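Protein chains in written order, with our numbering: chain R, 1249 to 1525; chain L, 1249 to 1525. Note that the Cβ used here is the ideal one computed from N, Cα and C, for glycine as well. Just so we're clear, the structure is a prediction, and the values are computed from it rather than from any experiment. Taking it in order: structure first as structure tokens, then the write-up.
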């Protein structure tokens, strides 16, 4: 019987561990929306996020993972249609991340969630948020504050952009994200008499206003704010005032920070958690 | 006399409008800290940010700008040692931004601000924040909440990283950012009896705690949180509770969002802006 040394063995096994050229090309293409639509797929990366996806209702078509990841997470693997054992080096080759981890999943693009049949609580409408990091962070914040839905104008960044998925840290699997023109949403919500708020420089002080338990709050694009056709439909303009006493100060807050302060103020008041001192 | 047609004229002028090869190389190198230190320079990009820099005490060594930017902002130009008129195409070539604008400034790396002689108010200490976008956003938030100082552990991202400058939207010219080991800061502040807070999963509810007007609040690294040697010195552990009622929910907030909610809660209470309903 011939013996095989370790070096030869690795040489024999390697081809099975490789992520093929066409697959690499496909993975890379999923950074672009047109290919996500064409392939009806999106990419989830990073151990924590892939595990969240495997535990969610999202269909994982193909999972590429290191032997360590596979043996540590056996109980979740049945949720992936295909599992390929591969190396960290191969994942690095395929990854769109700067610091690739131990797995990478090609997932089925889910269909858009339906509008809530009995909408209640606090909802955000994002009017053209462009930065994927901002969108992902806002999704994570909505999840934290127990907001089930997030509405986005069609011009807002795509939730299935890999950078959004990344920044949302798995929260995109829980928050129902609905892309809708503002008009359609507004017409739908009018039946429920949910008031429409928005942030403006000349709005009323969010800290001193009476905030309702039910509201839709509009946040504008990073540079140009809320579009006129949307702002025309906002009944309650709000403002987060600056506390800087300096002559020169920041002109605005980052939009994901504004979103967080809005969620904080509406939710804190809703739950009547107040400082009594 | 020979006449020159427009095409020839452009050909003649172009070399003067170009940003030279060595300069492009220098600009590019400023993305890296070691070259920023070697050249004692950093890069500011984007019209708004460059204007903020020109209005600040930062020394602009070289300003590259389009004729439009130059004619629109003549009154600020005397703050730049050298001004080079160039084209948008040349700026694009030099730029580290995805969407370059009309100017780009090579600035003198300023010396680190001194510790406040009479520290009062709310201060953050960032214990190893890695993401430049997060650091820049936190600087912008500090500016908004009128916080004059921001303390960072030596392991925190560098404020003069072009991505930090970008995300701070000019606020880095106003907030005094001091890199210091926690021990040194803590020893310094002990004289002033400013209490040290920090965010932990098992901390006390930030919404119901009595928060003081003077405090140092520690925020940890995106992945691993606050280092043990620092957390050992924190007297008041705080927690931002999640409002999600779901079984599966976000495990944490983005650190720039946590910083914003902390600034919001401490400052709001300090200014006694409460909802009376």
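Which residues share a DSSP beta bridge with residue 1463(R)?
Indexing the first chain from 1 puts residue 1463(R) at position 215. In the DSSP output, where bridge partners are listed per residue, residue 1463(R) has 1370(R).
Could you spell out where the beta strand (DSSP E) holding residue 1453(R) opens and where it closes?
Residue mapping note: residue 1453(R) aligns to position 205 of the first chain, counting from 1. 1444-1453 is the span of the beta strand (DSSP E), which, as asked, contains residue 1453(R).
From residue 1475(L) to residue 1493(R), what does the alpha carbon distance come to, in whole angstroms?
Taking the second chain and counting its residues from 1, the one referred to as residue 1475(L) is at position 227. Taking the first chain and counting its residues from 1, the one referred to as residue 1493(R) is at position 245. Those two C-alpha atoms are separated by around 34 Å.
Is the CB of residue 1512(R) under 8 Å away from at least one CB in chain L?
Here residue 1512(R) corresponds to residue number 264 of the first chain, with the count starting at 1. So, interface residue.
Using the beta-carbon count (16 or more within 10 Å), is residue 1517(R) buried or exposed?
Position 269 of the first chain, counting from 1, holds the residue named residue 1517(R). It is buried - the Cβ of residue 1517(R) has at least 16 other Cβ atoms within 10 Å.
Quick check: is any heavy atom of the ligand HEM less than 7 Å from the C-beta of residue 1453(L)?
This structure does not include the ligand HEM; it has no bound ligands of any sort.
Using C-beta distances below 6 Å, list every residue in its chain close to residue 1354(L), excluding the 5 sequence neighbours before and after it, in chain order.
Locating residue 1354(L) in the second chain gives position 106, counting from the first residue. The answer, listed in chain order, is 1289, 1309, 1310.
Contact criterion: CB-CB distance below 8 Å. Does residue 1407(R) meet it with respect to chain L?
By one-based count along the first chain, residue 1407(R) stands at place 159. Residue 1407(R) does not count as touching chain L.
With 16 other Cβ atoms within 10 Å as the buried cut-off, status of residue 1437(R)
Position 189 of the first chain, counted from the start, is the residue given in the question as residue 1437(R). Burial call: buried.
Can you pull the chain A residues whose beta carbon is under 8 Å from the beta carbon of residue 1346(R), in chain order?
Although the question refers to chain A, the structure presented lacks it and instead comprises the protein chains R and L.
Of the residues 1419(R), 1496(R), 1343(R), which one's Cα is nearest the Cα of residue 1599(L)?
Outside the shown range of chain L (1249 to 1525) lies residue 1599(L), about which nothing can therefore be said.
For the segment 1288-1354 of chain L, list the alpha helix (DSSP H) runs that are entirely contained and at least 4 residues long, ordered along the chain.
1295-1303, 1315-1320, 1336-1342
Proximity test, Cβ basis, 8 Å: residue 1496(L) and chain R
Residue mapping note: residue 1496(L) aligns to position 248 of the second chain, counting from 1. With 8 Å as the cut-off, residue 1496(L) counts as an interface residue toward chain R.
When burial is assigned at 16 or more other CB atoms within 10 Å of the CB, is residue 1249(R) buried or exposed?
Residue 1249(R) sits at position 1 when you count from the first residue of the first chain. Confidence in residue 1249(R) is poor, its pLDDT being 48 and thus under 50, which makes the residue's placement unreliable; the coordinate value appears in the next sentence. Burial call: exposed.
Residue 1475(L) touches chain R at which residues, Cβ-Cβ below 8 Å?
Your numbering for residue 1475(L) matches position 227 in the second chain. Correct list: empty, because the minimum Cβ distance to chain R is about 20 Å.
Selection of the segment 1497-1508 of chain L by Cβ proximity to chain R, strictly under 8 Å
1497, 1498, 1499, 1500, 1501, 1502, 1504, 1505, 1508
Just the C-alpha distance for residue 1352(L) and residue 1416(L), rounded to the nearest angstrom, thanks.
Along the second chain, read from residue 1 onward, the residue named residue 1352(L) stands at position 104. Along the second chain, read from residue 1 onward, the residue named residue 1416(L) stands at position 168. Rounded to the nearest angstrom, the two C-alpha atoms are 16 Å apart.
At a cut of 8 Å, does the segment 1457-1472 of chain R reach the segment 1364-1371 of chain R through at least three beta carbon pairs?
yes
Which partner residues does residue 1427(R) have in the DSSP bridge list?
Numbered from its first residue, the first chain carries residue 1427(R) at position 179. In DSSP, residue 1427(R) forms a bridge with 1400(R).
Residue-level contact to chain L via CB, residue 1266(R), 8 Å cutoff:
In the first chain, residue 1266(R) corresponds to position 18, counting from 1. No, no contact with chain L.
Quick one: using the 10 Å Cβ neighbour count with 16 as the cut-off for buried, is residue 1316(R) buried or exposed?
Locating residue 1316(R) in the first chain gives position 68, counting from the first residue. Under this definition residue 1316(R) is an exposed residue.
Within-8 Å CB hit, residue 1388(R) to chain L
For the purposes of this step, residue 1388(R) is taken as residue 140 along the first chain, with counting starting at 1. True, the Cβ-Cβ gap to chain L drops below 8 Å.
Beta-carbon of residue 1461(L) versus every beta-carbon of chain R: anything under 8 Å?
Taking the second chain and counting its residues from 1, one reaches residue 1461(L) at position 213. No, no contact with chain R.
Cα-Cα separation, residue 1451(R) to residue 1470(L):
Indexing the first chain from 1 puts residue 1451(R) at position 203. Indexing the second chain from 1 puts residue 1470(L) at position 222. Roughly 33 Å separates the two Cα atoms.
Residue 1484(R) in three-state terms, based on DSSP:
Taking the first chain and counting its residues from 1, one reaches residue 1484(R) at position 236. Strand at residue 1484(R).
DSSP three-state label for residue 1438(L), please.
Walking along the second chain from the start, residue 1438(L) turns up at place 190. Note: residue 1438(L) maps to helix in three-state DSSP.
Which same chain residues end up closer than 8 Å to residue 1432(R) when comparing Cβ atoms and leaving out the 5 residues on each side of it in sequence?
Numbered from 1 along the first chain, position 184 holds the residue referred to as residue 1432(R). Taken in chain order, the list of residues that qualify is empty.
Would residue 1385(L) pass as an interface residue toward chain R - the criterion being a Cβ-Cβ separation below 8 Å?
Here residue 1385(L) corresponds to residue number 137 of the second chain, with the count starting at 1. Answer yes: the Cβ-Cβ gap between residue 1385(L) and chain R drops below 8 Å somewhere.
Would residue 1379(L) pass as a contact of residue 1405(L) if the rule is Cβ separation under 8 Å?
As a working mapping, residue 1379(L) is identified with position 131 in the second chain. As a working mapping, residue 1405(L) is identified with position 157 in the second chain. Their beta carbons are under 8 Å apart, which means residue 1379(L) touches residue 1405(L) by this criterion.
Run of the alpha helix (DSSP H) containing residue 1389(R), from where it starts to where it stops:
Here residue 1389(R) is taken as the residue at index 141 of the first chain, counted from 1. Note, residue 1389(R): alpha helix (DSSP H), 1380-1392.
State yes or no: is the beta carbon of residue 1428(R) nearer than 8 Å to at least one beta carbon in chain L?
To locate residue 1428(R), count along the first chain from 1; it is residue 180. Output row for residue 1428(R): interface = no.
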